[in-house]
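This report refers to the structure that appears directly beneath it.
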Amino acid sequence: IAASLIPFLEHDDANRALMGSNMMRQAVPLLRTEAPIVGTGIERQLVKDSRTQITAEEDGIIDYIDATTIRVLYDRTEDEEFVSFESALKEYTIPKFRKTNQNMTIDLRPICKKGQRVTKGQILTEGYSTKNGELALGKNLLVAYMPWKGYNYEDAIVLNERVVREDLLTSVHVEEYSLEVRETKRGIEELTSDIPNVSEEATKDLDENGIIRIGARVRPGDILIGKITPKGESDPSPEEKLLRAIFGDKAGDVKDASLKAPPSLNGVVIDKKLFSRIVKGRTSKLADKAMLPKLDDDFETEIDRLRTILIKKLLLLTDKKVSLGVKDYMGVEVISKGARFGASDFSTLDFTSIQLSNWTDDDRTNTMIRNLILNFLKRYKELDADLKRKKFSITIGDELPAGIVQMAKVYIAKKRKIGVGDKMAGRHGNKGIVSRIVRQEDMPFLIDGTPVDIVLNPLGVPSRMNIGQIFEAVLGSAGKELGVQFATPIFDGASLEDLIKWTDKAGLPPYGKTYLYDGGTGERFDQPATVGITYMLKLGHMVEDKMHARSIGPYSLITQQPLGGKAQFGGQRFGEMEVWALEAFG
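Residues in the sequence shown are numbered from 580 upward in steps of one, following this note's numbering.
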């Protein structure tokens, strides 16, 4: 799929096209999405098939809408209403700031209005890398291919400050932090906001369970989840015993084992969860046992009610009609051929194992019988799944590993602007690292004074043979000028003649060659450069995750050297090649 999203794929070398398609999978969903000006035409179909968005199941009208809910009243004919077991009004919940496995966010917004008519398959939401029902992984940026003071040497990227200021490449990330409460030999640990030797200021945002409140701002070192654990200390001296007896000081028995925010964490708490193992006594077990039969009874009652409605409707449909022979899946005739349908026939039928074709000689009746029974079975499965879920939660509760009494989880959202050291890429395998963010007035600008958004090194194109990016830039600038979007299929797409036709129409120079002016001096550069609109992605390798510094920290017992890696708060390895770099620098 990813390869079929690369426009002008024919003009790219296979290795770079492969890189491009792999990097599209690493693209981060941006805060403000924007569809590409130059696409391949399958962006809309892809969003529909991915099923990440809410789509209309039938034709209908929007009955109610807010940030978290959409209600659609679906059109139904008399026949459809007759065979249905559900209301025509259907409610959908819009996910907000839901964490993905890659620590990104699924955050959707409605793109329809109350009272609007919708058609079957129409997309009702956007967000999470989509815009107006089209895939939108990145941003259309004004790119110049030229060297700039050595800052874009070896695939480095020079970025305009405007991109950072206007949040063009800003994304929201959600991190999950958890803390377990265990049973120790010295007693059970406890989640609490009452932590010994910790100031009130540090615990002001914690609730009675010691978990930070939703909406609190978090900085490095803040307590996220407060926990105390029993101390295994030597026996106190008689003086200490006396003081404890007088003042009731419990602080000596427990120590602080709270979870604190790690370095580089700045964000807002958006959700918290507390899971507990249910320690059941005899009475609560008996109460649970009493609840299970009630759930079964409720399920049976509802199924009987639906079955009664089904039989009533079947009798109306088959009134005065003769059976053509109704068979089950084994081919056994359950209603004999030539017989008239009656209530006694239907009451003994097992609708889960019956053939749904050709009950009568009337096609319309057969279709309605088929739809009616299918809708009944669909509702039956939904109720059955619901019953199993409820039984599971009563009998098992929250699944926690052995020895763990409670588990608290905190979800923290943080806004990440693009910064120096972040990885970016186009769709043609043209990747690079942001090396410098330059003030808007210092960037090279066009003759009309428009500063470019991004400066890429022209040496990154010829040896890699991904000329597709140049085609995209030229066609993109024509699209921006004329306010149109292009769909050029990956093979047999737009030709060079087509590109020139569009640039002429937009009044732009052919091949995108234009003179740029130095932002610092205002002088014109000696040679014209290729300038155009390219679709750039921000990738998941962000410098903030990799940034790490240490002074004195943990050492390995064996080698007496600092540990390695960020997770162990280790040191940076300064190897042979790093020493050469210092030697070369002098």
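Each residue gets a CB set at the ideal place from its N, CA and C atoms; glycine is no exception.
Asked, Found
"For Leu714, name the three-state secondary structure that DSSP assigns.", "strand"
"For the structure I just gave you, are there three or more beta carbon pairs, one from the segment 752-771 and one from the segment 1130-1144, closer than 8 Å?", "no"
"List the DSSP bridge partners of Ala1066.", "Gly618"
"Run through the segment 740-772 for me and flag every whole beta strand (DSSP E) of 3 or more residues, listed as ranges in chain order.", "750-763"
"To which residues of the same chain is Asn739 closer than 8 Å at the C-beta, ignoring the five residues directly before and after it?", "Ile1016, Val1017, Gln1019, Met1022, Pro1030, Val1031, Asp1032, Ile1033"
"What is the DSSP secondary structure of Val777, counted as helix, strand or coil?", "coil"
"For Thr619, does the count of other Cβ atoms within 10 angstroms reach 16, so buried, or fall short, so exposed?", "buried"
"Hey, which unbroken runs of the alpha helix (DSSP H) at 4 residues or more fall wholly within the segment 779-821?", "779-782"
"For Lys1084, which of Gly1098, Ile802, Ser1056, Gln605 has the nearest alpha-carbon?", "Ser1056"
"Leu609 and Lys1117 - do their beta-carbons sit closer together than 8 Å?", "yes"
"Under three-state DSSP, which class holds Tyr959?", "helix"
"Does Tyr707 come out as helix, strand or coil in the three-state DSSP assignment?", "coil"
"Any idea what DSSP makes of Asp1027, helix, strand or coil?", "coil"
"To the nearest angstrom, how far is the alpha carbon of Glu1076 from that of Asp1027?", "27 Å"
"Roughly how many angstroms lie between the CA atoms of Asp1001 and Ile621, to the nearest whole one?", "29 Å"
"Hey, which unbroken runs of the beta strand (DSSP E) at 3 residues or more fall wholly within the segment 1056-1118?", "1108-1117"
"If contacts are defined as beta-carbon pairs under 8 Å, then Gly706 and Lys627 qualify, I think. What distance do you get, rounded to the angstrom?", "Between Lys627 and Gly706 the Cβ distance is about 15 Å, and since that is not below 8 Å, they are no contact."
"Between which residues of its own chain and Glu912 is the CB-CB distance below 6 Å, once the five residues before and five after are set aside?", "Gly904, Lys906"
"Pick out whichever of Ser778, Gln681, Thr631 has its Cα sitting closest to the Cα of Lys710.", "Thr631"
"On the DSSP bridge assignment, give the partners of Arg949 in chain order.", "BP columns for Arg949 are empty, so no partner."
"Note down, one range per segment and in chain order, each alpha helix (DSSP H) of at least 4 residues found wholly within the segment 635-667.", "657-662"
"Looking at C-alpha atoms only, which residue of Ala723, Ile952, Lys900 is the closest neighbour of Leu1025?", "Ala723"
"Helix, strand or coil: which one does DSSP assign to Ser926?", "helix"
"Identify every residue that forms a DSSP beta bridge with Met683.", "His752"
"Over the uninterrupted alpha helix (DSSP H) stretch that includes Ser600, give me the two end residues.", "593-603"
"Which partner residues does Tyr1134 have in the DSSP bridge list?", "Pro1141"
"Give a yes or no on whether the C-beta atoms belonging to Thr771 and Gly800 are separated by under 8 Å.", "no"
"Taking one C-beta from the segment 631-643 and one from the segment 688-704 each time, how about it: are there three or more such pairs within less than 8 Å?", "yes"
"For Ile702, which beta-bridge partners are listed by DSSP?", "Thr634"
"How about Ser772: is its C-beta nearer than 8 Å to some C-beta of chain C?", "Among the chains in the structure shown there is no chain C, since it carries only a single protein chain."
"How many Å lie between Lys669 and Val651 at the Cα?", "5 Å"
"State whether the segment 740-747 contacts the segment 777-792, with contact taken as three or more CB pairs (one from each stretch) at a distance under 8 Å.", "no"
"Please report the Cβ distance between Lys852 and Lys988, rounded to the nearest whole angstrom; I am assuming they are in contact, meaning their Cβ atoms lie under 8 Å.", "5 Å"
"Kindly indicate the opening and closing residues of the alpha helix (DSSP H) around Met1156.", "1155-1164"
"Three or more C-beta pairs closer than 8 Å, one from the segment 1006-1013 and one from the segment 586-604: is that the case here?", "yes"
"So for Leu1038, helix, strand or coil by DSSP?", "helix"
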